[in-house]
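Heads up: the sequence shown is residues 59 to 169, going by the numbering used here. Glycine is no exception: its CB is placed at the ideal position from the N, C-alpha and C atoms. The model shown is predicted, which means the values in this text are computed figures rather than measured ones.
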Amino acid sequence: MWAGRLPPYALVEHVGRRSGKPYRTPVSAFPTGVDGRAGVAIVLTYGPDRDWLKNLTAAGGGRMRRAGTTFGITEPRVVSRTEAASQVTGRWRRVVARLPFEQAVLLTRTP
């Protein structure tokens with residue numbers, strides 16, 4: 059219901075790697091800044107063995123709807139909790155540092 063409209067909730071739009079079918083998956087996504095490039099960190103609360111992540115990785119990216127805006131996401135890479143928290147920007151950094159997760163996926167934001 060709030061995914062894609064109210065941060066940190068977002069929708070990841072991806073295509074099935076075998077079926078070619080379009081999917082939309084709700085996630086918790088936080089803004090990042092890596093080497094001066096805008097991006098997002100998605101916490102992997104249930105671990106990295108997720109079909110949506112496999113689909114994004116196979117395709118090299120997808121689309122995301124967050125805070126009412128849709129944009130491209132590329133270069134998915136799974137990182138540790140510590141690395142993810144260090145990349146999150148603004149007030150969200152403290153929030154992410156307290157969340158219970160072991161890994162996150164970092165993505166680069168594109169138009």
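By the Cβ-count criterion, Arg167 is buried, with 16 or more other Cβ atoms from all chains shown falling within 10 Å of its own Cβ.
Of all C-beta pairs linking the region 152-169 to the region 123-143, three or more are shorter than 8 angstroms, placing the two stretches in contact. With a cutoff of 9 angstroms on beta-carbon distance, Ala143 and Pro65 are scored as not near each other.
Residue nearest to Val154 within the set Tyr81, Arg76, Gly119, Leu102 is Leu102 (criterion: CA-CA distance). For Thr140, the enclosing alpha helix (DSSP H) covers residues 139-145.
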